[in-house]
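> First to last, the sequence lines map onto chains X and U. Note that this note's numbering numbers the first sequence so that position 321 is 329, with each residue one more than the last. Note that this note's numbering numbers the second sequence so that position 132 is 140, with each residue one more than the last.
Number of protein chains: 2
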Amino acid sequence: MTRPSSVPPPVTAVLDASSRWLPARLGEAEELLRAAVGGHGETLGEDATATLAAGGKRLRPMLVLLCAGPEAGEVTVRAAAAIELVHMATLVHDDVLGEAPLRRGLPTIAATSGRERAVATGDLLFSRAFALLAGSGDARAVALLADASVALARGELVQRRDAFDLAVSEERYLERCRLKTARLFECACLLGRDEEQLREFGAGIGLAFQLLDDVLDVSGPPERTGKARGTDLLDGTITLPLIEAAKSDTSIREVDLHGLDHASAEILCDRIEATGALERVRARALQLVADAKGALERSAFDPEQKQLLSLVADGVVQRYS
Amino acid sequence: MTRPSSVPPPVTAVLDASSRWLPARLGEAEELLRAAVGGHGETLGEDATATLAAGGKRLRPMLVLLCAGPEAGEVTVRAAAAIELVHMATLVHDDVLGEAPLRRGLPTIAATSGRERAVATGDLLFSRAFALLAGSGDARAVALLADASVALARGELVQRRDAFDLAVSEERYLERCRLKTARLFECACLLGRDEEQLREFGAGIGLAFQLLDDVLDVSGPPERTGKARGTDLLDGTITLPLIEAAKSDTSIREVDLHGLDHASAEILCDRIEATGALERVRARALQLVADAKGALERSAFDPEQKQLLSLVADGVVQRYS
């Protein structure tokens with residue numbers, strides 16, 4: 009079986025189980041991605057191509073394709089590529105906003121080419137996503153992706169407004185994660201197939217994904233995450249591990265995040281870890297995945313596709329276990 | 009006749025001539041704009057609403073509606089609002105990129121709320137544009153706007169790459185203007201009606217608009233433009249007045265734009281003006297408008313609509329005469 013080089017080990021089980029059709033479709037989506045970021049003449053697409061080459065799990069395209077099933081046609085492959093372009097655009101713009109010099113272990117565009125080029129490169133990826141999707145003539149798909157993009161931008165604005173504020177509630181954190189992360193996973197599933205249980209499934213694993221990402225920011229290790237421990241804390245982003253930790257160690261509430269440097273951020277990570285907060289957040293994420301799989305089980309979906317989607321859900325967890 | 013308060017004097021002739029239907033349609037587009045930037049809960053849409061309230065000429069929505077004509081329905085009104093949202097998004101992102109503290113005489117979002125919020129607000133406006141347009145189910149319109157957005161982002165990347173480089177050619181400058189400005193004017197016309205001569209008309213007045221904007225950056229006065237003279241020069245943006253001036257005053261080629269401050273930028277503006285470059289660029293813009301009107305005349309368009317569109321073309325020039 010030919011396996012696209014950009015797809016990492018955790019999802020190989022899914023690929024093996026669906027080797028009849030999924031790798032070929034993922035390969036086609038990858039081709040569309042390459043075409044979408046390139047072809048802008050000379051060095052224009054340079055940063056965008058670098059973002060593409062930096063890899064990523066292609067989780068969202070995989071969800072689109074798996075929800076669509078073996079009959080997935082060109083329109084679905086376009087949607088799979090388009091949603092990854094939107095995801096890439098938000099990563100590039102996030103890097104403009106945050107201070108992280110690394111993303112997936114490589115320098116960010118903002119760090120190498122300046123914020124100016126990063127803003128424009130994100131805009132280019134974003135526009136390309138809609139150009140690609142509109143080309144399929146599927147107005148429902150465009151509306152789904154546009155609404156998810158609105159949610160992403162709102163989530164980013166909530167994150168900015170709540171930055172450095174240790175009084176941010178758990179509810180508010182969860183709402184932000186729904187906007188920033190879960191909505192795009194949900195959108196991926198609905199782009200694949202118009203079925204209500206898929207919405208619940210996608211939103212559930214998306215939220216779990218974000219919770220585990222936030223655990224990873226505290227736990228590291230950097231060799232595995234490709235970024236320094238406490239990167240979120242340095243940006244002033246209040247995450248659930250921090251909120252949880254402050255419940256048992258109230259002195260954490262007194263920390264001034266504005267005053268953090270890399271060394272004190274590491275120390276704060278250790279303090280959060282010492283409260284057992286990471287285990288508690290991890291457990292919640294596992295429960296979210298279990299619930300998501302439950303919603304999937306209750307659906308009238310094809311059994312083989314259910315199994316494949318369950319493997320993706322497990323992949324979200326395994327990557328961080 | 010009721011005239012939307014956001015529509016400034018230069019285009020009143022057009023409004024008077026089309027008072028039977030245009031003001032009502034423009035008012036509807038304005039309603040859609042308000043709904044699109046608001047309704048994001050609490051202070052989320054604050055910056056976006058401020059951008060909307062800061063006004064603007066609504067030239068692009070007007071072109072959409074005038075090209076569509078009196079039969080313009082809901083789909084066209086949505087397109088009119090959507091193209092203005094994309095335009096607003098690029099203005100907000102431009103402000104992140106540039107150093108200008110003012111836009112239309114008011115502080116920029118980047119200046120008041122920080123670059124972080126400005127990037128996210130631009131993304132929100134951009135997403136909203138596509139959400140609004142997709143809601144009409146018109147895939148052709150989405151494709152037109154997405155392609156124009158790709159051009160805008162490419163134009164921004166060209167501008168960044170060519171920044172501070174006094175060796176930039178006139179051809180390269182014109183190509184950048186086509187991408188950054190003319191394509192959206194062209195898109196506005198084609199959103200209104202699928203007719204090839206309208207493409208030529210829109211592209212022509214769009215390019216003229218940019219040339220005259222670049223003249224205004226050098227000539228001022230700030231009371232009228234709402235920004236300091238030489239703002240482009242301070243950002244390192246090479247414009248046609250500068251390229252033209254350097255042809256007759258070769259010492260201008262020796263200027264190091266990196267070393268400019270507000271005072272020396274003003275002096276450079278005076279030097280450019282002294283070469284007569286502004287008159288030459290203005291004359292070229294007028295010729296572009298004349299050619300655009302010629303293309304319009306040759307079209308099989310309704311005579312009254314031709315007349316109204318000619319008035320818009322004149323408005324582009326008059327604003328700067």
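Ideal Cβ placement from N, Cα and C applies to all residues, glycine included.
Using a Cβ cut-off of 8 Å (strictly closer), state whether A147(U) contacts chain X.
Taking the first residue of the second sequence as 1, we reach residue 147(U) at position 139. So, interface residue.
> Contact criterion: CB-CB distance below 8 Å. Does S177(U) meet it with respect to chain X?
Taking the first residue of the second sequence as 1, we reach residue 177(U) at position 169. False, the Cβ-Cβ gap to chain X never drops below 8 Å.
> Under 7 Å Cβ to Cβ from R207(U), same chain only, skipping five residues before and after it: list those, please.
Locating residue 207(U) in the second sequence gives position 199, counting from the first residue. Cβ within range, chain order: E194, C197, L198.
> Is the Cβ of H101(X) closer than 8 Å to any Cβ of chain U?
Numbered from 1 along the first sequence, position 93 holds the residue referred to as residue 101(X). Yes, H101(X) lies at the interface with chain U (some Cβ there is under 8 Å from its Cβ).
> Below 7 Å on C-beta distance, what does D310(U) contact in chain X?
Translated into positions along the second sequence, residue 310(U) becomes position 302. Neighbours of D310(U) on chain X: none; closest Cβ ~29 Å, over 7 Å.
> Out of V150(U), G64(U), G145(U), which one is the CA nearest neighbour of R148(X)?
Reading the first sequence from its first residue, position 140 is the one you call residue 148(X). If we check each option's Cα against that of R148(X), G145(U) comes out closest.
> Candidates T84(U), A190(U), A43(U): which alpha carbon is nearest H95(U)'s?
Sequence index remark: in the second sequence, residue 95(U) carries index 87 (1-based). For H95(U), the nearest C-alpha among the options comes from A190(U).
> Cβ closer than 7 Å: which chain X residues qualify as neighbours of A161(U)?
Position 153 of the second sequence holds residue 161(U). The contacting residues are A128, D131, L132, S135.
> With burial defined as no fewer than 16 other Cβ atoms inside 10 Å of the residue's Cβ, what is the status of S135(U): buried or exposed?
Taking the first residue of the second sequence as 1, we reach residue 135(U) at position 127. Answer is buried; the Cβ neighbour count reaches 16.
> Assign P31(U) to one of three DSSP states: helix, strand, or coil.
Mapped onto the second sequence, residue 31(U) falls at position 23. Of the three classes helix, strand and coil, the one that applies to P31(U) here is helix, per DSSP.
> For A88(U), which residues in the same chain have their Cβ closer than 7 Å to its Cβ, ignoring the five residues on either side in sequence?
Position 80 of the second sequence, counted from the first residue, corresponds to residue 88(U). The answer, listed in chain order, is A37, P69, V72, L73.
> By how many angstroms is the C-alpha of A161(X) removed from the C-alpha of A126(U)?
Working through the second sequence from its first residue, we reach residue 126(U) at position 118. Working through the first sequence from its first residue, we reach residue 161(X) at position 153. A126(U) and A161(X): Cα-Cα distance of roughly 11 Å.
> In three-state DSSP terms, what is D102(X)?
For the purposes of this step, residue 102(X) is identified with residue 94 of the first sequence, where counting begins at 1. Of the three classes helix, strand and coil, the one that applies to D102(X) here is helix, per DSSP.
> For A139(U), which option in V158(X), A308(X), K235(X) has the closest C-alpha, if you only look at C-alpha atoms?
On the second sequence, position 131 is the one that residue 139(U) refers to. Among V158(X), A308(X), K235(X), the Cα nearest to that of A139(U) belongs to V158(X).
> Please check the pair L286(X) and V223(X), which I expect to be a contact at CB under 8 Å, by giving their CB distance rounded to whole angstroms.
Here residue 286(X) corresponds to residue number 278 of the first sequence, with the count starting at 1. Here residue 223(X) corresponds to residue number 215 of the first sequence, with the count starting at 1. Indeed, because the Cβ distance is near 5 Å, the residues count as touching under 8 Å.
> Count the other C-beta atoms from every protein chain shown that fall within 10 angstroms of the C-beta of A156(X), then say buried if there are 16 or more, exposed otherwise.
For the purposes of this step, residue 156(X) is taken as the residue at position 148 of the first sequence. The residue in question, A156(X), is buried, as its Cβ has 16 or more Cβ neighbours within 10 Å.
> How big is the Cα-Cα spacing for V289(U) and F217(U)?
As a working mapping, residue 289(U) is identified with position 281 in the second sequence. As a working mapping, residue 217(U) is identified with position 209 in the second sequence. Approximately 11 Å, taken between the alpha carbons.
> Near R180(U), which residues of its chain fall below 7 Å by C-beta distance, leaving aside the five closest residues on each side in sequence?
As a position in the second sequence, residue 180(U) is number 172, starting the count at 1. Answer for R180(U): D170, listed in chain order.
> Let me confirm a value: G302(U) is counted as buried when at least 16 other C-beta atoms fall within 10 Å, else exposed. Which label applies?
Walking along the second sequence from the start, residue 302(U) turns up at place 294. Exposed, because fewer than 16 other Cβ atoms sit within 10 Å of the Cβ of G302(U).
> Using CA coordinates, which residue listed in E183(U), K188(U), I91(U) is at the minimum distance from L141(U)?
Taking the first residue of the second sequence as 1, we reach residue 141(U) at position 133. Nearest option by C-alpha distance: I91(U).
> Hey, is F138(X)'s beta-carbon within less than 8 Å of any beta-carbon in chain U?
For the purposes of this step, residue 138(X) is taken as the residue at position 130 of the first sequence. Closer than 8 Å: yes.
> Kindly list, in the order they appear in chain U, the residues whose Cβ is closer than 7 Å to that of A154(X).
Taking the first residue of the first sequence as position 1, residue 154(X) is located at position 146. Residues of chain U passing the Cβ test: S135, F138, A139, A142.
> Secondary structure at S318(X), three-state DSSP: helix, strand or coil?
Position 310 of the first sequence, counted from the start, is the residue given in the question as residue 318(X). Here S318(X) sits in helix by DSSP.
> Would you verify that the beta carbon of E164(X) is, or is not, closer than 8 Å to some beta carbon of chain U?
Within the first sequence, residue 164(X) is the residue found at index 156, counting from 1. For E164(X), the answer is yes, since a Cβ of chain U falls inside 8 Å of its Cβ.
> Alpha helix (DSSP H) containing I251(X): first to last residue?
For this step, residue 251(X) is matched to residue 243 along the first sequence. Start and end: 248-256.
> What three-state label does DSSP hand S307(U) in the structure shown?
Start at 1 with the first residue of the second sequence, and residue 307(U) comes out as number 299. In this structure, S307(U) counts as coil in the three-state DSSP scheme.
> Run through the region 180-258 of chain U for me and flag every whole alpha helix (DSSP H) of 4 or more residues, listed as ranges in chain order.
Runs found: 191-200, 204-227, 230-233, 239-242, 248-256.
> Any contact of the region 270-284 of chain X with the region 248-260 of chain X, i.e. 3+ C-beta pairs under 8 Å?
The answer is yes - the region 248-260 of chain X touches the region 270-284 of chain X, with three or more Cβ pairs under 8 Å.
> May I ask you to check if the CB of R125(U) is nearer than 7 Å to at least one heavy atom of the ligand COA?
Absent from the structure shown: the ligand COA. Ligands present: none.
> Applying the criterion that 16 or more other CB atoms from any shown protein chain within 10 Å of the CB defines a buried residue, is T245(U) buried or exposed?
Locating residue 245(U) in the second sequence gives position 237, where the first residue counts as 1. T245(U) should be labelled buried.
> Counting only the same chain and skipping the five closest in sequence on each side, list residues whose C-beta sits under 8 Å from that of I213(X).
For the purposes of this step, residue 213(X) is identified with residue 205 of the first sequence, where counting begins at 1. Same-chain partners within the cutoff: F193, L296, V297, A300, V320, A321, V324.
> Determine the burial state of I275(U): buried for a count of at least 16 other Cβ atoms within 10 Å of its Cβ, exposed for fewer.
Taking the second sequence and counting its residues from 1, the one referred to as residue 275(U) is at position 267. I275(U) should be labelled exposed.
> Under a CB-based cut-off of 8 Å, is R288(X) close to chain U?
Taking the first residue of the first sequence as 1, we reach residue 288(X) at position 280. With 8 Å as the cut-off, R288(X) does not count as an interface residue toward chain U.
> Compare the C-beta of E124(X) with all C-beta atoms of chain U and state if any pair is closer than 8 Å.
Taking the first residue of the first sequence as 1, we reach residue 124(X) at position 116. Yes, because at least one Cβ of chain U sits closer than 8 Å to the Cβ of E124(X).
> Are there 16 or more other CB atoms within 10 angstroms of the CB of E50(X), so buried, or fewer, so exposed?
In the first sequence, counting from the first residue as 1, residue 50(X) sits at position 42. Confidence at E50(X) is low in this model, with a pLDDT of 47, below 50, so the placement of that residue is unreliable and no value is reported for it.
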